[in-house]
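Note that the protein sequences, when read in sequence, are chains C and D.
Each residue of the first sequence is one higher than the last, beginning at -10 in this note's numbering.
Each residue of the second sequence is one higher than the last, beginning at 1408 in this note's numbering.
First comes the structure, then the notes that go with it.
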Amino acid sequence: MVTAEVIIKNKTGLHARPAATFSTTAAKFKSDIKVKNLNRDSAEVNAKSTVRVLTLAISQGMRIQLTANGEDEEPAVDALVALIEGGFGEL
Amino acid sequence: MEYRGNIASPGIAFGKSFVFKPYIPCAEQRSLAPEEVEQELETLACACSKAREELSAIIGRLSIAEPDQADIFAAHQSILDDVELLEEIRQDITVNLHCAAWATRKVYHEFSALLQEVDDPHLSERASDMEDVCNRILRCADGVAEVTLSSLPESCVVVAVELFPSDTVLMDASKILGLITEQGGITSHTAIIARAYGIPTLLGVKQATQLLPTGTGLVLDALEGKVITDADDTTMEHYTALREYELQKREIAATYLEKPAFTRDGVRIDVEANLGSAAPSALAAAGYTDGVGLFRTEFLYMEASQLPDEQIQYQAYRAVLEAFENRPVVLRTLDIGGDKTLSYKTLPREENPFLGKRAIRLCLDEPDLFRTQLRAALRASACGNLWLMFPMISGLDELRAAKQAVMEAKAELDREGLPYDPEIKLGVMIEIPSAALIADLLAKEVDFASIGTNDLIQYLTAADRLNSEVSQYYQTFHPAVFRLIQTVADAFRSGGKDLCVCGELGGNPAGAAALIGLGLRRLSMSPSSVAEIKHLIANLALTEAEEAGRKVLTMSTASEIEAYLKLFVSEKIKAEQKV
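Next comes the structure, spelled out in C-alpha cells:
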C-alpha cells in the first residue's frame, strides 16, 4: 500500500474538469485507489469515480490523502500527485 | 396581462413565444422478471454508448470555437462513464430487478442528492449537470433524437422551465429575441448564456410555459422586469421606440469602449475598472480601461478554504499588475466583516456588523493576517504600478497604524533582500462620514483616496443597504451625498492629491455626470458600465457638467436631484443620436 498527502494548488480545486481529469487518470491504473479530503475529514472514496470525487468538495488550498493498493500502486500515486502538483494546467 | 420576473440580462424584445420543452423521458418503473435482466443490462449499455457518441460529436463541434462549452460536455462524458454510477445502476437492475430507466434515474438522483448536501455552490451546478446526463441516457434508451435550440423555425422569444447546457449548445442566438424561464437564479446557466449573448432575459416568471403557449404575441420588458401579453397600439409604439433607442444607444456606446475618454471640450477623464478577481475574464478589462480603481482582494479569502498564503496572494496580485502593465492598480486590503464572512475563520458575532470590527479594524487586530497581505502586495509592487488602499478608515489613528504596518513589512522585505516599489502610493477608502469630513487632514497624510459611495451612502443615511425594509431611505442621490463629495473633492484638489470614485454612483451616467461636475477626474466602475460612461463623457462638456454640479448642490431632495440629472444626461446622449 502506498499513501501520499498533497495540497491542491489549482484555482478551481477538484470541481468540474480537474475532477474528471483526476478520475480518468486514476482509472488508467489497476490498483484500488482511494482519496480522502483531510480538511473536511471526509470518508475515503473511490478515486476512479468523478462523482464521488466531486462529493468531497475539494477546493484550492485543501489537503487530500491518496491511498493505492495493488500491482501498480506506486506509479498510480506518483501520477496523481504529479497531476495535482502541476495544477491541472491552471497555474 | 402582465407577468413579473427577475432581470438576468437587460433589454427589450417583442415577438411570438416559443415554448421549448426538452424531451421528457417516460418515468417507467417496471419490475423485471429474472430472465429479463440480461436484456435490460444490454438496453443500458446501448443507451450509454449512444449518449457517449452524442457527447463526442458535440465536443468535436465545440472544441475549437467554444472550448469553455466543450469542457462542460467533457465533464458530462466523465459523469456518464463514472465507474461507480454504472456499477450501482447494474446492481439495481440485477439485484432489485428494476428496469434500466428506473435504475438509472434512481442512482442519478441519489448521487445528485449527495452533491447537493455538500455546502459548496459549485456542486449544486454539478448536480444540474447530472440531471442533464441522466436525461440524455433515458432519451437514448427511448430511441429519441436530441432537440436543442440550435434549430429554431423562426425568430422567437423562447419560454422554458429552465435551460440546461445541452439545450443551448450550438444555439442559434440570432433567432432568439428573448428568453423567459420559470426557474433559475442570477448565476444559473440560463443567466450566463443570456448575458454572454446579450439576449434580453427574465427568470422566475411563474408558470410561464403554461401562461405563454407557443405563438403568444408578447412584449418582453427586461428593463422593468415584466412580460406583457395583450399590448395595445400605444404600448407597442412606446416599446418600439424604446427598443430602437436602447439598441442604438448600446451600439453607439460600444464604439467608445476602447477609446480614451475625453469630454467634448477636451478634458481627459480616467475610466477605470473595479475588479473582484484575477480571472482571465476580469483581466480582459485591461483592453479598454485606464487601470484598476478598485481591486477587491476578498475573493482570495472567500473562495479558499483556509487563509491564502503570501505566495498565492503574490501570484494573483502580480497577474493583475502585469495585465495592466504600467497603469495604476489600486489594491484594497482585506475588507471582511459586515456582510462578508469566511467559512474557515470565526469572526466575532456582533449586534451591528456594519458598525463593527470590519476591514482595517479586523486587520489591525490580526497583525499576522494583515502582514501576510501587505508582504504579498509589496512584493507584487515590484512588477507594476500598485497603489495600496485601506478600507473603513474613520480617522487618522487607524491610518497611522496601517502605515506603520506597511513600514514594518517593508523593513522585513529589506532584511530578506526581497524587491518592492519603495515609492508605493498609500491611500484610503473614504466611506465613513467622519473620514469625509476630515478629508483635508487625511489628504496631508496619504497619496490618494477613493470614495466608496455604496457604504458612504449607507453610513450617511443610516440605512442598511441590505435591508429592504429601509431601502427608501438608502438614497443614492441624497443632497448630503453630493455635499459630502464636494467637501472631499475640494480638500483633495487643494491638497494636490489624487481622488477617485469607485462606488456604483460612478458607473451610473447620472451620477458620473455630477461627479465630473464636482471635480472628479477618475471614475472606477464595473467593466460592464465602461462603454456607457465613456459614451456619456464624450458628449459632455466640462462646463456643462460643472453647471449641473452646482445646480445639484442647491437642490433639496434625492428625487429632485435624480430626475434633474437623468434628464440632463439623456439630453446629452439624445443630441448625439439624432445626428
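Just so it is clear, CB atoms sit at the ideal spot from N, CA and C, and this is done for glycine as well.
No experiment lies behind these values; they were computed from the predicted model shown.
Name, in chain order, the residues that DSSP records as bridge partners for residue i.
i         : result
C/Gln54   : C/Glu(-6), C/Lys25
C/Lys17   : None; C/Lys17 has no bridge partner.
D/Lys1633 : D/Arg1411, D/Asp1628
D/Thr1588 : D/Ala1567
D/Ile1858 : D/Ile1837, D/Val1908
C/Val34   : C/Val24
Could you give the distance in angstroms between the alpha-carbon of residue i and the alpha-carbon of residue j?
i         : j         : result
D/Arg1657 : D/Gly1683 : 25 Å
C/Asn78   : D/Ala1784 : Looking at the sequence itself, residue 78 of chain C is Gly, so the reference to Asn does not match. Taking the straight line joining both Cα atoms gives about 25 Å.
D/Thr1894 : D/Tyr1721 : 36 Å
D/Asp1495 : C/Lys19   : First, the amino acid is wrong: residue 1495 of chain D is Glu here, not Asp. Spanning the two alpha carbons is a distance of roughly 20 Å.
D/Ala1818 : D/Leu1848 : 27 Å
D/Arg1929 : C/Val(-5) : 45 Å
D/Phe1669 : C/Gly50   : 45 Å
D/Thr1883 : D/Thr1647 : 31 Å
D/Phe1731 : D/Gln1523 : 39 Å
D/Ile1479 : D/Ala1458 : 15 Å
D/Leu1584 : C/Asn58   : 56 Å
D/Arg1890 : D/Arg1957 : 10 Å
D/Leu1492 : D/His1505 : 15 Å
D/Val1986 : D/Ile1544 : Low confidence applies here, because D/Val1986 scores a pLDDT of 45, under 50, leaving its location unreliable; read the following figure in that light. For D/Val1986 and D/Ile1544, the distance between alpha carbons rounds to 57 Å.
D/Thr1642 : D/Asp1716 : 58 Å
D/Ser1788 : D/Glu1823 : 16 Å
D/Gln1484 : D/Ser1573 : 12 Å
D/Asp1640 : D/Val1626 : 12 Å
C/Thr84   : D/Ala1809 : For chain C, the structure presents residues -10 to 80; residue 84 of chain C sits outside this window and is missing.
C/Pro64   : C/Glu33   : 20 Å
D/Ala1680 : D/Ser1841 : 27 Å
C/Ala46   : D/Asp1527 : 7 Å
C/Lys23   : D/Ala1508 : 30 Å
D/Val1540 : D/Ile1486 : 7 Å
Which term fits residue i, buried or exposed, when burial requires 16 or more other beta carbons within 10 angstroms of its beta carbon?
i          : result
D/Ile1767  : buried
D/Tyr1866  : buried
C/Glu60    : exposed
D/Leu1974  : exposed
D/Ser1901  : exposed
D/Lys1752  : exposed
D/Leu1654  : exposed
D/Leu1762  : exposed
C/Met(-10) : exposed
D/Thr1621  : exposed
C/Leu3     : buried
D/Gly1825  : Before going on, a small fix: residue 1825 of chain D reads as Leu here, not Gly. It is exposed - the Cβ of D/Leu1825 has fewer than 16 other Cβ atoms within 10 Å.
D/Glu1954  : exposed
D/Gly1744  : buried
D/Ala1520  : exposed
Quick one, which of the options has its alpha-carbon nearest residue i's?
i         : options                                    : result
D/Leu1912 : D/Ala1452, D/Leu1972, D/Asp1628            : D/Leu1972
D/Glu1830 : D/Met1814, D/Asp1804, D/Ile1837, D/Gln1614 : D/Met1814
D/Ala1970 : D/His1885, D/Ser1470, D/Ser1456, D/Thr1868 : D/His1885
D/Ser1558 : D/Val1853, D/Phe1427, D/Ile1864, D/Ala1842 : D/Phe1427
D/Asp1489 : D/Cys1455, D/Asp1475, D/Pro1474, D/His1505 : D/Cys1455
D/Leu1771 : D/Leu1609, D/Lys1423, D/Leu1762, D/Thr1740 : D/Thr1740
D/Thr1588 : D/Ser1424, D/Leu1906, D/Ile1923            : D/Ser1424
D/Ala1997 : D/Ala1648, D/Lys1904, D/Leu1793, D/Glu1449 : This structure leaves residue 1997 of chain D out entirely; chain D is present only between 1408 and 1986.
D/Val1502 : D/Asp1672, D/Arg1957, D/Thr1642, D/Val1444 : D/Val1444
D/Lys1613 : D/Arg1650, D/Met1578, D/Val1568, D/Cys1453 : D/Val1568
D/Val1551 : D/Leu1863, D/Pro1432, D/Arg1890            : D/Pro1432
D/Leu1922 : D/Lys1904, D/Glu1951, D/Lys1513            : D/Glu1951
D/Ser1935 : D/Tyr1663, D/Ser1857, D/Ala1548, D/Pro1760 : D/Tyr1663
D/Thr1860 : D/Ala1843, D/Lys1851, D/Asp1854            : D/Ala1843
D/Asp1697 : D/Arg1546, D/Arg1675, D/Thr1704            : D/Arg1675
D/Thr1964 : D/Lys1981, D/His1942, D/Cys1907, D/Thr1868 : D/Thr1868
D/Lys1582 : D/Thr1597, D/Val1565, D/Gln1590            : D/Val1565
C/Ser48   : C/Thr14, C/Asp21, C/Lys25, C/Lys17         : C/Lys25
D/Leu1795 : D/Gln1780, D/Leu1803, D/Leu1630            : D/Gln1780
Report task. Output, in sequence order along the chain, the residues in the region 31 to 53 of chain C whose CB is closer than 7 Å to any CB in chain D. Result -> Asn35, Lys37, Ser38, Thr39, Val40, Arg41, Leu43, Thr44, Ala46, Ser48, Gln49, Gly50, Met51
Query raised in the report: Which residues, in order along the region 1695 to 1720 of chain D, keep a beta-carbon less than 9 Å from a beta-carbon of chain C?
Result: Glu1710, Ala1711, Ser1712, Gln1713, Leu1714, Pro1715, Asp1716, Ile1719
Report task. Can you give me, in chain order, the residues of the region 1491 to 1502 of chain D that have a beta carbon less than 7 Å from any beta carbon in chain C? Result -> Glu1491, Leu1492
Query raised in the report: Going along the chain, which residues of the region 11 to 33 of chain C sit with their C-beta nearer than 9 Å to a C-beta in chain D?
Result: Ser12, Thr13, Ala16, Asn28, Arg29
**Report entry** Residues from the region -7 to 13 of chain C in contact with chain D, defined by Cβ distance under 7 Å
**Finding:** His4, Ala5, Arg6, Ala9, Ser12, Thr13
Query - Short-range partners of chain C found in the region 1509 to 1534 of chain D, where Cβ spacing is below 7 Å - result: Phe1518, Leu1521, Leu1522, Val1525, Asp1527, His1529, Leu1530, Arg1533
Query raised in the report: At a Cβ cut of 7 Å, what residues of the region 1463 to 1488 of chain D count as close to chain C, listed as they run along the chain?
Result: Asp1478, Ala1481, Ala1482, Ser1485, Ile1486
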